[in-house]
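Participant: Encoded as structure tokens, here's the structure I'll be asking about.
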Amino acid sequence: ESLMATAYMSSPYRHPVIGWMNDLQNMKPADARDWYRSWYAPNNATVVISGDVDPKQILKAVEKYYGVIARKELPERKPQIEPPQKGIKQAQVRAVADSAQLAMAWKVPRLEPGKLDDPEPYALELLTAVLDGYDNARLNRLLVKQEKVVNDVGVAYDMISRGPELFLISVSMVKGKTVAQAQASIRKALDELKQKGILESELKRIKVRILSDQIYKRDSIFGQAMEIGSTEMAGFSWKDIDYMLEKMQIITPEQVQAVAKKYLIDEGLTIAVLDPQARKAVGKEGQ
């Protein structure tokens, strides 16, 4: 939450989904009802039905139960354009925890509706896998296995999003190791990638893994529904999903290297640190 609130200035993403504690403490039932009346309309919703169904029969059921709900005028959406970041932002949270944690997040582009041929979001998606897509991926190999400065590594980016997007690397420290050591190791791995690039064989292995993951994912009827729904709500068509996979397969090592050089820079970086605090001992008089 502190990371998002620090990284963004204008975007609604700077607020937690359910609001800050102060929001919850001061919320009235009428606030929830007004929100529902304002936004929950058929012209602002997507119905997804997946499974072994008869399309004609299920369409009749949808029209019967949803067709009776009248569309309504939605509130005007005001532009909330994020201003350009001009340097490193930092946040520190002191809390009771077993180990320190570090998160590094960079402002990066997302895939825009109508711009399916833009190679950068696909290259960023592949970059996440290069860094953390399998057991011996770059960050895991360097930070966990070789230098042993962190317990685990996570890399996240979602090219399909309704709002601005971050490229996030997060780690939790091994006891006795510092956040500064972890950050230095992450920068070392990124600098090596930016300077030397990646092998065609390395990228090919990742592409095969992404393709197989997509195939296995479709074993889940629920997973299909979620992917279709989230894709539609982001402004794309569910028919674009296979095209996106095809575009991913033709991205080159040079394009992955290029987005790392262009976007994983200090001008768009936000760093958040969890500073672990010891639990207070409870004395006899407090028991």
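Count the sequence shown with the working numbering and you get residues 8 to 294, in order.
For glycine and all other residues, C-beta sits at the position ideal for the given N, C-alpha and C.
From a predicted model like this one, the values you see are computed outputs, not experimental measurements.
1) Among all the DSSP beta bridges, which residues are the ones paired with Val178?
2) So Ala279 is in the alpha helix (DSSP H); what residue range does that whole segment cover?
3) Can you tell me which of Leu218, Tyr129, Ser227 and Lys79 puts its alpha carbon nearest to the alpha carbon of Tyr43?
4) Could you check what DSSP says for Leu173 in three-state terms: helix, strand or coil?
5) How about Leu10 and Ala110: do their beta carbons lie closer than 8 Å?
6) Once DSSP output is grouped into helix, strand and coil, what is the label at Ala98?
7) So if DSSP puts Val348 in a beta bridge, which residue, or which two residues, is it bridged to?
8) Assuming contact is defined by CB atoms lying nearer than 8 Å, are Val157 and Val137 in contact in what I supplied?
9) For Val266, which three-state DSSP category applies?
10) Measuring straight from C-alpha to C-alpha, what distance separates Val151 and Gln264?
11) Would you kindly work out how many angstroms separate the C-alpha atoms of Pro23 and Gln32, rounded to a whole number?
12) On the criterion of 16 or more Cβ atoms from any shown chain inside 10 Å, does Arg117 qualify as buried, or is it exposed?
13) If you measure between the beta carbons of Ile222 and Val55, is that distance less than 8 Å?
14) Can you give me the start and stop residues for the alpha helix (DSSP H) that Lys79 sits inside?
15) Start and end of the alpha helix (DSSP H) containing Thr13?
16) The alpha helix (DSSP H) spanning Ala1 covers which residue range?
17) Relative to the C-alpha of Leu218, which candidate in Lys96, Asp198, Arg286 and Glu253 has its C-alpha closest?
18) Would you say the segment 133-149 touches the segment 196-212, given that touching needs at least three Cβ pairs under 8 Å?
19) For Lys155 and Ala187, I'd like the C-alpha separation in whole angstroms.
20) Can you name, in chain order, every residue of its own chain whose Cβ lies under 7 Å from the Cβ of Gly230, other than the five neighbours on each side?
21) For the alpha helix (DSSP H) holding Glu253, just list the boundary residues, first then last.
22) How far does the alpha helix (DSSP H) with Phe229 in it reach, from first residue to last?
23) Can you tell me the Cβ-Cβ gap for Thr53 and Glu239, rounded? I've got them flagged as a contact below 8 Å.
24) With which residues is Val103 paired in a DSSP beta bridge?
25) So Ser45 is in the alpha helix (DSSP H); what residue range does that whole segment cover?
26) Just checking my contact of Ile193 with Leu146 at CB under 8 Å: how many whole Å lie between their CB atoms?
27) Measuring alpha carbon to alpha carbon, tell me which of Ala241, Ser57 and Asp273 ends up nearest Lys122.
28) Please state whether DSSP places Ile222 in a helix, a strand or coil.
Facilitator: The answer reads as follows:
1) Here the question's residue 178 lines up with position 171 in the sequence shown. For Val178, which the question treats as bridged, DSSP gives the partners Leu109 and Val160.
2) Against the sequence shown, residue 279 aligns to sequence position 272. From DSSP, Ala279 is part of no alpha helix (DSSP H) but of the beta strand (DSSP E) over Leu276 to Gln284.
3) As a working mapping, residue 43 is identified with position 36 in the sequence shown. When only C-alpha atoms are compared, the closest one is Lys79.
4) Sequence index remark: in the sequence shown, residue 173 carries index 166 (1-based). Looking at Leu173 - three-state DSSP - the assignment turns out to be strand.
5) On the sequence shown, residue 10 is found 3 positions in, with the first residue counted as 1. On the sequence shown, residue 110 is found 103 positions in, with the first residue counted as 1. Cβ atoms of Leu10 and Ala110: closer than 8 Å.
6) Numbered from 1 along the sequence shown, position 91 holds the residue referred to as residue 98. Ala98 falls in the strand class under three-state DSSP.
7) In the structure as shown, the chain starts at 8 and stops at 294, and residue 348 therefore has no counterpart that could be examined.
8) Locating residue 157 in the sequence shown gives position 150, where the first residue counts as 1. Locating residue 137 in the sequence shown gives position 130, where the first residue counts as 1. Contact flag unset, no.
9) Here residue 266 corresponds to residue number 259 of the sequence shown, with the count starting at 1. Note: Val266 maps to helix in three-state DSSP.
10) Walking along the sequence shown from the start, residue 151 turns up at place 144. Walking along the sequence shown from the start, residue 264 turns up at place 257. Val151 and Gln264 have their C-alpha atoms some 23 Å from each other.
11) Residue numbering aside, residue 23 sits at position 16 when the sequence shown is read from its first letter. Residue numbering aside, residue 32 sits at position 25 when the sequence shown is read from its first letter. CA-CA distance, Pro23 to Gln32, rounds to 14 Å.
12) Taking the sequence shown and counting its residues from 1, one reaches residue 117 at position 110. Under this definition Arg117 is a buried residue.
13) Numbered from its first residue, the sequence shown carries residue 222 at position 215. Numbered from its first residue, the sequence shown carries residue 55 at position 48. For the 8 Å CB-CB criterion, Ile222 and Val55 do not form a contact.
14) For the purposes of this step, residue 79 is identified with residue 72 of the sequence shown, where counting begins at 1. Element bounds for Lys79: n/a, residue is neither H nor E.
15) Residue mapping note: residue 13 aligns to position 6 of the sequence shown, counting from 1. Looking at the DSSP string, the run of the alpha helix (DSSP H) that includes Thr13 is Ser9 to Ala14.
16) Residue 1 lies beyond the residue range present for the chain, which begins at 8 and ends at 294; the question has no answer from this structure.
17) Counting from 1 along the sequence shown, the entry for residue 218 is found at position 211. Considering only alpha carbons, the answer is Glu253.
18) In short, these stretches touch, since the Cβ pair count reaches three.
19) Taking the first residue of the sequence shown as position 1, residue 155 is located at position 148. Taking the first residue of the sequence shown as position 1, residue 187 is located at position 180. Roughly 14 Å separates the two Cα atoms.
20) Residue mapping note: residue 230 aligns to position 223 of the sequence shown, counting from 1. Excluding residues up to 5 positions away in sequence, Lys224 lie with their Cβ nearer than 7 Å to the Cβ of Gly230 in the same chain.
21) Here residue 253 is taken as the residue at index 246 of the sequence shown, counted from 1. From DSSP, the alpha helix (DSSP H) with Glu253 extends over Asp247 to Gln256.
22) Taking the first residue of the sequence shown as position 1, residue 229 is located at position 222. Counting along the chain, the alpha helix (DSSP H) containing Phe229 begins and ends at Ile228 to Met240.
23) Position 46 of the sequence shown, counting from 1, holds the residue named residue 53. Position 232 of the sequence shown, counting from 1, holds the residue named residue 239. Indeed they touch by this definition, with Cβ atoms about 5 Å apart.
24) Translated into the one-based positions of the sequence shown, residue 103 becomes position 96. Gln284, per the DSSP bridge assignment.
25) Counting from one through the sequence shown, the residue named residue 45 turns up at place 38. Pro36 to Trp46 is the extent of the alpha helix (DSSP H) around Ser45.
26) Numbered from its first residue, the sequence shown carries residue 193 at position 186. Numbered from its first residue, the sequence shown carries residue 146 at position 139. So it is a contact: roughly 7 Å between Cβ atoms.
27) Taking the first residue of the sequence shown as position 1, residue 122 is located at position 115. Here the closest residue by C-alpha is Ala241.
28) Here residue 222 refers to the residue found at position 215 when the sequence shown is read from its first residue. In the structure shown, Ile222 sits in a helix (DSSP, three-state: H, G or I).
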